[in-house]
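Enquirer:
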Amino acid sequence: MELVDTHAHVHFPDYELDPDEVLAAAAEDGVTKVICVGCTLPDSKLGIDMAARHDNVWTSIGLHPHEGAQYVNDDDALQEFRTLAAKPKVVAIGETGLDYYYQNSPKEDQKKLLRFQLNMAQEFDLPVIFHVRQAFSDFFAVLDDFEAVKGVVHSFTGTMDEMNEILRKGLYIGLNGIMTFTRDAGQLEMARQVPLSKLLLETDAPFLTPKPFRGTICQPKHLAITAEFLASLRGESLSDLAAATTKNAQQLFKI
Ligand SMILES: [Zn+2]
482 MELVDTHAHV HFPDYELDPD EVLAAAAEDG VTKVICVGCT LPDSKLGIDM AARHDNVWTS
542 IGLHPHEGAQ YVNDDDALQE FRTLAAKPKV VAIGETGLDY YYQNSPKEDQ KKLLRFQLNM
602 AQEFDLPVIF HVRQAFSDFF AVLDDFEAVK GVVHSFTGTM DEMNEILRKG LYIGLNGIMT
662 FTRDAGQLEM ARQVPLSKLL LETDAPFLTP KPFRGTICQP KHLAITAEFL ASLRGESLSD
722 LAAATTKNAQ QLFKI
């Protein structure tokens with residue numbers, strides 16, 4: 482069995498485990514490929530470094546919607562960020578998107594930063610890793626101007642209508658450990674309905690550790706637990722789920 486963790490932050494400077502050990506442990510448990518996901522300019526660079534040091538690691542570069550206010554008027558930072566897109570093993574832009582739940586940055590700043598990164602994705606022909614929380618109608622409206630963009634809505638916990646709209650836009654759905662501990666029956670029903678051809682798996686490590694390891698630091702090897710949980714929830718064999726989601730990840734990110 483082979484799994485791809487399409488969303489991890491083991492390269493964050495404050496990740497409390499040794500990334501080298503964690504990546505080796507992941508490979509032993511069948512998580513043979515990991516994509517580090519950037520949220521700021523500095524950790525996008527760290528993701529590139531991590532990918533350079535590990536054969537089984539790739540990276541995205543991104544400016545998280547929380548960072549909108551910090552970057553949106555900083556032309557020097559944005560120019561430097563742009564140059565990262567051409568670096569080796571950069572396979573996606575993101576995470577970018579809109580977060581109206583925390584709204585750490587004004588909505589207009591978030592939208593500008595999202596558009597900036599969508600333009601980059603088009604220019605460099607890279608898929609996009611989206612973070613969207615309580616902002617789907619504005620998100621879909623922005624996406625309408627970028628019809629050719631490919632990507633995934635990561636850590637999806639939304640409604641069936643939102644899922645259907647995501648699928649209509651041709652995007653993938655990324656599910657993670659949340660599904661193992663949610664008490665929301667609607668979310669579980671949604672997780673059952675995601676077409677296997679559009680499903681990606683992720684940990685979002687160090688966050689969202691799946692049951693029964695809640696309270697410990699999430700790491701890519703925990704993906705196997707989420708995969709097992711989803712296979713049983715969806716009535717699929719683990720090997721079918723692993724094979725399909727791995728193929729999806731390889732196709733989207735060209736890894
Ligand atoms: Zn994340």
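The sequence shown begins at 482 in the working numbering and counts up by one.
Don't be surprised by glycine CBs; every beta carbon is placed ideally from N, CA and C.
Kindly confirm or deny that the segment 648–668 and the segment 698–714 touch, where touching means at least three C-beta pairs closer than 8 Å.
Expert: Output reads yes: the segment 698–714 touches the segment 648–668.
Enquirer: Please find out if some non-hydrogen atom of ligand 1 comes closer than 7 Å to the beta-carbon of Val789.
Expert: Because residue 789 is not part of the residues shown, which for the chain are 482 to 736, the question remains open.
Enquirer: Which same chain residues end up closer than 7 Å to Asp634 when comparing Cβ atoms and leaving out the 5 residues on each side of it in sequence?
Expert: Just to set this straight, residue 634 is Val in the shown sequence, not Asp. Excluding sequence neighbours, Val634 sits near Phe611, Val613, Ile647, Leu652, Ile654 and Gly655.
Enquirer: Any heavy atom of ligand 1 closer than 7 Å to the beta-carbon of His703?
Expert: Checking the Cβ of His703 against ligand 1 gives no.
Enquirer: Going by Cα to Cα distance, which pick from Val623, Ala723, Lys588 and Asn537 is closest to Ala508?
Expert: Checking every option, the nearest Cα to that of Ala508 belongs to Asn537.
Enquirer: Report the option in Ser618, Asp606 and Glu502 whose CA atom is closest to the CA atom of Ile574.
Expert: Nearest option by C-alpha distance: Asp606.
Enquirer: State whether the segment 551–565 contacts the segment 619–631, with contact taken as three or more CB pairs (one from each stretch) at a distance under 8 Å.
Expert: As far as the Cβ criterion goes, the segment 551–565 does not touch the segment 619–631, which means the pair count is below three.
Enquirer: In whole angstroms, what separates the C-alpha of Arg649 from that of Ala533?
Expert: Going from the Cα of Arg649 to the Cα of Ala533 covers about 35 Å.
Enquirer: Using three-state DSSP, classify Val623 as helix, strand or coil.
Expert: If DSSP states are grouped into helix, strand and coil, Val623 belongs with the helices.
Enquirer: Closer than 7 Å to a non-hydrogen atom of ligand 1 - does that hold for the CB of Asp524?
Expert: Incorrect: Asp524 has no Cβ contact closer than 7 Å to ligand 1.
Enquirer: Return helix, strand or coil for Lys534, following the three-state DSSP convention.
Expert: Reading the sequence as shown, one finds Arg at residue 534 and not Lys. In the structure shown, Arg534 sits in a helix (DSSP, three-state: H, G or I).
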